[in-house]
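A.B. asks: Can you read through this structure? Questions will come right after.
Numbering (the working numbering), first residue to last: 29 to 157.
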């Protein structure tokens, strides 16, 4: 049996070049085309707005373990001791000054006569009396 690398089985346009940045994705903000290598202009729509996304890989020498959901399970507190996710509970006391919500305008009820919201036409009067 012939030993072939998996990369040799893929067409050239699907193969990653050796100089491409692993963990970095570039995407055109105009048409969404994705590129592995640095580009100044989109090859699809010629736009110059290229977003760069860098994916950080977790190495085995870090002290944080990866949880079931793929999120690090280490400390979530920021440097200032605050909760980094913003999940802290805010306790409100009854003395807080809040502006009251404005009351809705009273409904005149003239739109309920017909399903299209238009008021019902006035009944015709018989002035022959």
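We put the beta carbon where it would ideally sit given N, CA and C, even for glycine.
Compare the Cα-Cα distances from residue 73 to each of 80, 65, 57 and 64 and report the closest residue.
C.D. replies: To locate residue 73, count along the chain shown from 1; it is residue 45. Looking at the Cα atoms, 57 is the closest of the given residues.
A.B. asks: With a threshold of 6 Å on Cβ separation, who are the neighbours of residue 79 within its own chain once the five nearest residues in sequence on each side are excluded?
C.D. replies: For this step, residue 79 is matched to residue 51 along the chain shown. 55 and 57.
A.B. asks: Should residue 103 go down as buried or exposed, given a rule of 16 or more other Cβ atoms within 10 Å for buried?
C.D. replies: Within the chain shown, residue 103 is the residue found at index 75, counting from 1. Residue confidence for residue 103 is low, a pLDDT of 40 falling below 50, so the modelled location carries little weight; the figure read from the coordinates is stated next. Flag for residue 103 reads exposed.
A.B. asks: Give me the residue from 132, 64 and 69 with the minimum Cα distance to residue 189.
C.D. replies: Since the first residue shown for the chain is 29 and the last is 157, residue 189 is missing from the structure and cannot be characterised.
A.B. asks: Measure the C-alpha to C-alpha separation of residue 150 and residue 59 and round it to an integer number of angstroms.
C.D. replies: As a position in the chain shown, residue 150 is number 122, starting the count at 1. As a position in the chain shown, residue 59 is number 31, starting the count at 1. So the two alpha carbons sit approximately 57 Å from each other.
A.B. asks: So the beta strand (DSSP E) residue 55 belongs to, where does it begin and stop?
C.D. replies: On the chain shown, position 27 is the one that residue 55 refers to. Taken as a continuous stretch (DSSP letters only), the beta strand (DSSP E) holding residue 55 covers 52-56.
A.B. asks: What's the C-alpha gap between residue 37 and residue 63?
C.D. replies: Position 9 of the chain shown holds residue 37. Position 35 of the chain shown holds residue 63. Approximately 21 Å, taken between the alpha carbons.
A.B. asks: Got a sec, what are the start and stop residues for the beta strand (DSSP E) residue 82 sits in?
C.D. replies: On the chain shown, residue 82 is found 54 positions in, with the first residue counted as 1. Element bounds for residue 82: 78-82.
A.B. asks: From this set, 83, 132, 152 and 127, which residue's C-alpha is nearest residue 51's C-alpha?
C.D. replies: Residue mapping note: residue 51 aligns to position 23 of the chain shown, counting from 1. The candidate whose alpha carbon is nearest that of residue 51 is 83.
A.B. asks: Once the 5 residues before and after residue 155 are set aside, which same chain residues still bring their CB inside 7 Å of it?
C.D. replies: Locating residue 155 in the chain shown gives position 127, counting from the first residue. Excluding sequence neighbours, residue 155 sits near nothing in its chain.
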